[in-house]
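Asker:
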Amino acid sequence: ITEENLDKLLSHALIPTDNKTIISNMQHLNLQIIQDQSRAGRRRNIPQPRKERTETTYTNSRWTPYVKDIMEDIIDDKLDQRLFPSVGGQRNIAVNPSAQR
Numbered sequence: 001i002t003e004e005n006l007d008k009l010l011s012h013a014l015i016p017t018d019n020k021t022i023i024s025n026m027q028h029l030n031l032q033i034i035q036d037q038s039r040a041g042r043r044r045n046i047p048q049p050r051k052e053r054t055e056t057t058y059t060n061s062r063w064t065p066y067v068k069d070i071m072e073d074i075i076d077d078k079l080d081q082r083l084f085p086s087v088g089g090q091r092n093i094a095v096n097p098s099a100q101r
């Protein structure tokens with residue numbers, strides 16, 4: 001959040017301004033609390049194409065969690081490596097451990 005929004009939150013929550021230094025010092029623990037004004041309005045929002053669902057299991061529910069699409073893409077090895085670099089890599093799965101000897 002911006003410093004201005006932090007000040008507003010502290011005043012609405014009736015938190016003393018002395019405690020603002022505690023919150024600001026959390027940045028030394030690699031927690032980004034106060035954001036630069038130049039980056040305040042920008043968010044990294046990359047829309048992913050959603051899968052077309054034809055399942056009739058839950059006919060009243062039309063919403064499918066985004067996590068389900070991601071997990072299915074991981075299983076099918078179709079996940080975009082640019083958006084999820086930590087999930088990538090070769091999978092080494094052996095059905096029969098004696099077959100690798």
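The opening residue of the sequence shown carries number 1 in the working numbering; numbering runs sequentially from there. Yeah, the Cβ is synthetic: ideal placement off N, Cα and C, and Gly gets one too.
Classify Val87 as helix, strand or coil using the three-state DSSP reduction.
Answerer: It is coil, neither helix nor strand.
Asker: Please classify Ile1: does DSSP put it in a helix, a strand, or coil?
Answerer: Ile1 falls in the coil class under three-state DSSP.
Asker: Relative to the alpha-carbon of Thr64, which residue among Ile1, Glu52 and Ser86 has its alpha-carbon at the smallest distance?
Answerer: Ranking Ile1, Glu52 and Ser86 by Cα distance to Thr64 puts Glu52 first.
Asker: Between Asp76, Ile74, Ile1 and Arg82, which lies nearest to Leu31 when the distance is taken from Cα to Cα?
Answerer: The residue with the shortest Cα to Cα distance from Leu31 is Ile1.
Asker: Leaving out five residues before and five after Lys20 in sequence, what residues of the same chain have Cβ atoms less than 7 Å from its Cβ?
Answerer: Same-chain partners within the cutoff: Leu10.
Asker: Taking the C-alpha atoms as reference points, what is the distance between Asp80 and Ser24?
Answerer: Looking at the two C-alpha atoms, the distance is approximately 36 Å.
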